[in-house]
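Notes follow the structure.
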Amino acid sequence: MSEAEGTPRVLRISFEFHVPRTLKGVNIRGTDVRKALNTMADRIIGLAESLFPWAHKVTVRKEFLYNWTDDTETFDLPSNGKNTPK
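Quick note, the sequence shown lines up with residues 7 to 92 if you use the numbering used here.
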């Protein structure tokens, strides 16, 4: 990218709403999930027009996940001349 094109900038915000595993016998219908996702997206987009007027587009990612596996680990990498303060 040339300097004249400018630096790409993105404002990202994420939310995760967790349903307890112990909540048994509750059927969360797909239509209810879609309605929640669409309503939240519409409200955020409405707020963005006044709160972040510099944006010219918004990307909306809608997911409903069954996280049977959700492991996150952080690993320290070996120190080197570029990742260690001098």
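Ideal Cβ placement from N, Cα and C applies to all residues, glycine included.
- The beta carbon of L17 sits closer than 8 Å to the beta carbons of F58 and A61 from its chain, once the five residues preceding and following it are set aside; these are given in chain order.
- The criterion of a C-beta distance shorter than 7 Å is satisfied by F70 and V39.
- Here DSSP, grouped into helix, strand and coil, assigns V39 to helix.
- For F23, the closest alpha carbon among the candidates K88, N73, D48 and T13 is that of N73.
- At a Cβ-Cβ threshold of 7 Å, K68 and L43 count as neighbours.
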